[in-house]
Amino acid sequence: MKNSFTLLFTILIVTILSLISIKIFETKSVNSTNLTNKYVYIQALNHLEFLEEYINSLEDVKNINEIKIDNKEFYIKAIFKKIALKHKISLEVKAKNFNVRVQRTLTK
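Start counting the sequence shown at 1; every next residue gets the next number (the UniProt record's numbering).
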């Protein structure tokens with residue numbers, strides 16, 4: 001009888017410790033994913049700022065319909081639409097391997 005209680009107690013302890021360790025590993029995994037997404041988001045914002053500065057440095061945008069910049073990790077593009085006397089410019093930076101996308105609209 002004493003051996004059966006010891007076995008039951010051991011099984012309960014092992015089960016509880018395994019559940020706790022699973023929760024710890026899940027939390028670390030989520031934190032790692034969040035840090036990765038945060039890093040990719042900051043990179044996307046930097047690319048968006050560069051694209052905005054580049055477009056603002058252009059003097060004549062009348063004949064431009066679209067600008068695409070080649071990058072290994074991001075899709076970077078700007079779409080120009082003429083509305084009345086101004087141009088509406090949609091800027092978009094999207095990560096290729098992650099679910100991160102940043103957009104901005106300019107008028108020039």
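The beta-carbon is built from N, C-alpha and C at its ideal position, and this holds for glycine as well. All figures in this text were calculated on a predicted structure; none of them were measured in a lab.
> In whole angstroms, what separates the C-alpha of E92 from that of K62?
Replying inline: If you number the sequence shown from 1, residue 92 lands on position 92. If you number the sequence shown from 1, residue 62 lands on position 62. So the two alpha carbons sit approximately 20 Å from each other.
>> Across the segment 41–54 and the segment 65–85, are there enough close Cβ pairs to call them in contact, namely three or more that are closer than 8 Å?
In response: yes
> What are the partner residues of E59, as DSSP defines its beta bridges?
Replying inline: Locating residue 59 in the sequence shown gives position 59, counting from the first residue. Answer is none; E59 lacks a bridge partner.
> Which word fits F74, buried or exposed, when buried means at least 16 other C-beta atoms lie within 10 angstroms of its C-beta?
Replying inline: Walking along the sequence shown from the start, residue 74 turns up at place 74. Burial call: buried.
> Is E53 helix, strand or coil when you go by DSSP?
Replying inline: As a first step, residue 53 must be located in the sequence shown, where it is residue number 53. In this structure, E53 counts as helix in the three-state DSSP scheme.
>> Please report the distance separating the alpha-carbon of K88 from that of T36.
In response: Locating residue 88 in the sequence shown gives position 88, where the first residue counts as 1. Locating residue 36 in the sequence shown gives position 36, where the first residue counts as 1. Going from the Cα of K88 to the Cα of T36 covers about 32 Å.
> chain D beta carbons: is any one of them nearer than 9 Å to that of I76?
Replying inline: In summary, chain D is missing from the structure at hand, where a single protein chain is found.
> Which stretch, first to last residue, makes up the beta strand (DSSP E) that contains E66?
Replying inline: Residue mapping note: residue 66 aligns to position 66 of the sequence shown, counting from 1. Taken as a continuous stretch (DSSP letters only), the beta strand (DSSP E) holding E66 covers 66–69.
> Which class does K94 belong to by DSSP, given the choice of helix, strand or coil?
Replying inline: Here residue 94 refers to the residue found at position 94 of the sequence shown. Three-state DSSP puts K94 in a strand.
> Which two residues bound the contiguous beta strand (DSSP E) that contains V100?
Replying inline: Along the sequence shown, read from residue 1 onward, the residue named residue 100 stands at position 100. From DSSP, V100 is part of no beta strand (DSSP E); its letter is neither H nor E.
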